[in-house]
Amino acid sequence: MADDVTIPGIDPTSKPSGDGCADCGAGQGPGWWLHLRRCAQCGHIGCCDSSPSQHATRHALEEGHPFITSFEPGEDWYWNVETEQYYDGPALLPPNSRPESQPSPGPAGKVPEDWQAQLH
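Numbering-wise (my numbering), the sequence shown opens with residue 618 and increments by one.
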């Protein structure tokens, strides 16, 4: 879609809430994630549905913010949690991914040795 198209639930001026899952960082859950997702409406950074806590989708559903986008380097897509479909959308304010120096899963020092067994 063109950048000048308005899509309800996507705010191109929203800024990311940080460079990691805001909820995991606040002590909600085990404190680590596999991949990160960004709320396209408010910028909340949450962990993906494969992560133990699945904060991104939970945030989207609880807040009524239907679109999330990847916050991983090299990924550029939108997902609508209500329709369960991929969409094209406008560019959001940078940064558009976690720092490449931050590992996935992450954050460094928080990921347990058996992390693969804890994925959804």
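All C-beta atoms in this analysis are idealised placements derived from N, C-alpha and C, irrespective of residue type, glycine included.
Just so it is clear, the structure is predicted and the values come from calculations on it, not from any experiment.
Per DSSP, what are the beta-bridge partners of residue i in this structure?
| i | result |
| --- | --- |
| Thr-686 | Arg-655 and Tyr-695 |
| Gly-663 | Arg-654 |
| Gly-723 | Trp-650 |
| Gln-735 | Answer is none; Gln-735 lacks a bridge partner. |
Looking only at C-alpha atoms, which of the options sits nearest to residue i?
| i | options | result |
| --- | --- | --- |
| Thr-623 | Leu-653, Leu-709 and Gln-719 | Leu-709 |
| Cys-656 | Asp-705, Ala-643, Ile-627 and Glu-689 | Ile-627 |
| Arg-675 | Glu-699, Glu-730 and Val-728 | Glu-699 |
| Ala-643 | Phe-684, Asp-731, Thr-686 and Ile-662 | Ile-662 |
| Leu-651 | Gly-660, Cys-665 and Cys-641 | Cys-665 |
| Leu-736 | Pro-669, Cys-659 and Ser-687 | Pro-669 |
Can you tell me where the alpha helix (DSSP H) holding residue i begins and where it ends?
| i | result |
| --- | --- |
| His-672 | 672-680 |
| Gly-642 | 639-642 |
Near residue i, what residues of its chain come up, given a Cβ to Cβ distance below 6 angstroms and the 5 sequence neighbours on each side ignored?
| i | result |
| --- | --- |
| Lys-727 | Gly-648 and Trp-649 |
Once you ignore the five residues that flank residue i on each side, which residues in its own chain have a CB closer than 7 angstroms to its CB?
| i | result |
| --- | --- |
| Leu-678 | Val-698 |
| Trp-694 | Thr-686, Ser-687 and Tyr-703 |
| Pro-716 | Asp-636 |
| Asp-640 | Gly-646, Gly-663, Ser-670 and His-672 |
What do you reckon, is the C-beta of residue i under 6 angstroms from a heavy atom of the ligand MN?
| i | result |
| --- | --- |
| Glu-679 | Ligands are entirely absent from the displayed structure, and the ligand MN is therefore not among its contents. |
Span of the beta strand (DSSP E) holding residue i?
| i | result |
| --- | --- |
| Gln-702 | 702-704 |
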